[in-house]
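Per the UniProt record's numbering, the very first residue in the sequence shown carries number 1; after that it's consecutive.
Note that beta-carbon positions come from the ideal geometry of N, C-alpha and C, so glycine has one too.
Quick caveat: nothing in here was measured; it's all calculated off a predicted structure.
One structure is given below, encoded as structure tokens.
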Amino acid sequence: MQSQPMHSQQDNDPDAFSYAFVEQDEEDDYLKGGDGNVDMDHIHMQQMQLQMDQLSSTLMGNLDLEDDFEGGHGMDNIPVQLPSHACAYCGLHDPASVVKCVSTDKWFCNSRGNTSGSHIVQHLVRSKNKEVSLHPDSPLGETILECYNCGCRNAFLLGFIPAKQDSVVVLLCRDPCLQMNALKDMSWDMTQWLPLIDDRSFLPWLVKVPTEHEQLRTRQITSSQIAKLEEDHPQATLEDLDRPGVDDEPNSVQEHYDDGYQYQNIFGPLVKMESDHDKKMKESQTQDNVFVRWDIGLNKKKNAIFTSNRPDADFRLVPGDEIRLRLGGGSAMVYGKDWEGTGHVLRLDESEVTLEMRNSHVPVEITDGYCVDFVWKATSFDRMQSAMKTFAVDDTSLTGYLYHKLLGHEVEMQTFRTKGHAATGLSVPGLPELNPSQLLAVKGVLQQPLSLIQGPPGTGKTVTSASIVYHLVKQNNGQVLVTAPSNIAVDHLTEKIASTGLKVVRLAAKSREAVTSIVEHLTLHTMIKSLVSPDKADLRKLMQLKEDQGELSSQDEKRFKSLKRNAEREILQAADVICTTCVGAGDPRLSNFRFRQVLIDEATQATEPECLIPIVQGAKHVVMVGDHMQLGPVVMNKKAAKAGLNQSLFDRLIRLQHRPFRLRVQYRMHPCLSEFPSNMFYEGTTRPTCVWANYYCSVT
């Protein structure tokens, strides 16, 4: 909603002037701590007018900067029922000292209290909001701070400048308006631009800073209490934090569990906490006033290219992510109506993002004024929750032996008899000969229902994993499901396994089908397009028709989906190995498949519920490859991480005295570099390959 220009009480004076504010980049020590990074997006602002010659006297008089408590703005005189505009932190409710966060509809004051920044700035930083409004009874009236030129409302980008000739102050955003040559030609002295937020608080002539006496009489709040309100209980009040049960810590993960229900009851809330945190972070990743360049891809689809200027650490964009473009403001008026469209990230080139749009009807004639929203999806977390439920209630989801081993129960050791090629030799076509530690690992995991392989950096984990998969296939115990937490790890392992001559299919998420891969020819969606058998003629025709027209009739679309689903099932059933991410193992296209043999690569980088997704697809034989001495799973929610969600299943099994096979020959690093990590983390058991050893001897 566009606010009215902000005026002083001298609005009818012919010498009245307008001013504007610019937001400041608050990435100092205070803002860099924890989740304190602020979203630096553009938001819409407005022109405001004041009388310059009476700015100091009129505003200072109205702001009542003296220690006047006759009106009762301190906590001692605050009524039991605080007014709705009272600061959500300290309760101060002087209209001249409070500012409303437009996004949360909460009021905060310009006081620091016992913290390093004003309460309003702390709230904006921690909640990742940017739009603010002044109180109707403040000296400047009810006003949403906006840029005079572009309407940006990002308070951290706003600043003000006085005009060169007229008694005018103009609110302008730092980027891009302050740098525009067209504005420099106007009667404004751009060199005098100053930010509205300085030293972590709003300028006092805009929002009154309460006196020390006033601050002492308000409710005292600490930085830790503010963090709890903003990060853990955003809907709570300070009084709520003192109530029993409000700030209860979640149950921590254990090494042993009684049954699958206890496992689910502990991990379920942690996954929910991480899901809520991820949703909050993703939905706050909005950019406004974005310039978009339009292009047409080789597949004739429209591509939107824009620059992402998100500096905060929480912003993580990867190919395949879904993005929504919205057109609003003046540009929408040019287009004639509001417009929005969705697409997925096709490429990331430094800060430049290429978005492939789903709809071909896009306003290519308009290049500015776009809003970019991150579309959050709960797919990953829903599949984790579903896997934990399956683990608890479905006896056929995995063998009883694996069930009890994963719960940490003491069970009698089981072994498998190797057969086929593995019974006589372990060499694999297309792969280099294995070293002794790799041979021991391959032979050992083929005989055990649950195995761990620890591979320090550069010790040939991928070759070892590919060798294991090859021999698992030759055991004739069914298809092998190969997973990893990241798409890059899956692609590299897929490539290595395919070099052995096995029939491999790489199953990618539908949102990533347009993303180029090093194993593109092995992906399911590419194989579908390459079908040439006569019985697939109808499918090929419909695919071509959809590519040419962009869409199909409802009847053709229904038939196309049916034919495509059948073709996908045929390709998957014919494969020896299916490779996908851990979350991808829960893809509906695999719902009717049962995988008795599962290998999880980079298992130490996945959370336990994530690893559980491929395991509960009918596993009888599970191999996990990783290194618990390297980085573990990334968990963004601090409480969930503290409770143990950032501990991998691999790591817990190590704690349960499940001994891993360790790869010991290091191929990647010079001996001088590998000696320290070997002694520090691996008891000196890793050694350089003979090539490095000979080189080392020759130069010494």
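Query	Result
Thinking C-beta only, is Ser116 closer than 8 Å to Gln215?	no
For Pro95 versus Ser127, is the C-beta spacing smaller than 8 Å?	no
With distances taken Cα to Cα, identify the nearest neighbour of His621 among Cys672, Ser451, Tyr261.	Ser451
Skipping 5 residues on each side, what residues in its chain have a beta carbon closer than 8 Å to that of Gln447?	Thr415, Phe416, Arg417, Thr418
Taking Ser562 as the reference, give the member of Asp548, Glu551, Leu542 with the closest Cα.	Leu542
List the endpoints of the continuous beta strand (DSSP E) containing Cys173.	169-173
Under 8 Å by Cβ, that's how I've got Met190 and Ile161 pegged, so tell me the actual separation to the nearest angstrom.	6 Å
Can the beta-carbon of Cys101 be found less than 8 Å from the beta-carbon of Val132?	yes
In whole angstroms, what is the alpha-carbon distance linking Val473 and Thr286?	47 Å
Could you check if Ala514 is buried or exposed, using at least 16 other CB atoms within 10 Å of its CB as the buried criterion?	buried
Pull up the distance between the alpha-carbon of Val292 and that of Arg664, whole angstroms please.	51 Å
Residues in the same chain with beta-carbon distance under 8 Å from Thr581, minus the five sequence neighbours each way, listed in chain order, please.	Thr483, Ala484, Pro485, Ser486, Asn487, Val490, Ala509
Contact between the region 249-267 and the region 395-410: three or more CB pairs below 8 Å?	yes
Use the C-beta contact count for Ile296: other C-beta atoms within 10 angstroms, 16 or more gives buried, fewer gives exposed.	exposed
How many whole angstroms separate the CB atoms of Ile613 and Arg383, which I take to be in contact at a CB cut-off of 8 Å?	6 Å
Could you pull the start and end residues of the alpha helix (DSSP H) that Val469 belongs to?	461-474
Is any non-hydrogen atom of the ligand MG found closer than 7 Å to the C-beta of Phe306, if you look at the structure I gave you?	Here there are no bound small molecules, and the ligand MG is not part of this structure.
For Phe303, which residues in the same chain have their Cβ closer than 6 Å to its Cβ, ignoring the five residues on either side in sequence?	Looking at the sequence shown, residue 303 is not Phe but Asn. Hits under 6 Å: Asp295, Gly297, Thr354, Glu356.
Would you report the Cα separation of Glu66 and Ser201, rounded to the nearest angstrom?	Caution applies to Glu66, whose pLDDT of 37 falls short of 50 and renders its modelled position unreliable; the model cannot decide the point.
Could you give the distance in angstroms between the alpha-carbon of Gly458 and the alpha-carbon of Lys228?	42 Å
Using a Cβ-Cβ cutoff of less than 7 Å, which residues in the same chain neighbour Ile518 once the five nearest sequence positions on both sides are dropped?	Asp491, Glu495
Helix, strand or coil: which one does DSSP assign to Ile578?	strand
What are the start and end residues of each continuous beta strand (DSSP E) run of 3 or more residues lying completely inside the UniProt region "C3H" (87-119), in chain order?	98-101, 106-109
Is Ile497 helix, strand or coil when you go by DSSP?	helix
Assuming Ser275 and Phe381 make a contact with CB atoms under 8 Å, what is their CB distance in whole Å?	4 Å
Less than 8 Å between the C-beta atoms of Leu431 and Ser467, yes or no?	yes
In chain order, what residues of the same chain have a beta carbon less than 8 Å from the beta carbon of Thr307, not counting five sequence neighbours either side?	Val290, Phe291, Ser351, Glu352, Val353
Sorted by chain position, which residues of the same chain lie with C-beta nearer than 6 Å to Arg687's C-beta, five sequence neighbours on each side aside?	none
Could you tell me the alpha carbon to alpha carbon distance between Glu283 and Pro449, rounded to whole angstroms?	42 Å
When the Cα atoms are used, what is the spatial distance from Val469 to Gln573?	17 Å
Glu340 and Arg324 - do their beta-carbons sit closer together than 8 Å?	yes
State the Cα-Cα distance for the pair Pro195 and Glu231, rounded to the nearest angstrom.	27 Å
On the criterion of 16 or more Cβ atoms from any shown chain inside 10 Å, does residue 756 qualify as buried, or is it exposed?	A question about residue 756 goes unanswered here, because the residues of the chain that appear run from 1 up to 700.
Return helix, strand or coil for Ile266, following the three-state DSSP convention.	helix
Can you name, in chain order, every residue of its own chain whose Cβ lies under 7 Å from the Cβ of Val271, other than the five neighbours on each side?	Phe381, Met384, Gln385, Pro609
Could you name the residues of the same chain whose beta carbon sits closer than 8 Å to that of Ser511, not counting the 5 residues immediately before and after it, in chain order?	Gly320, Asp321, Glu322, His344
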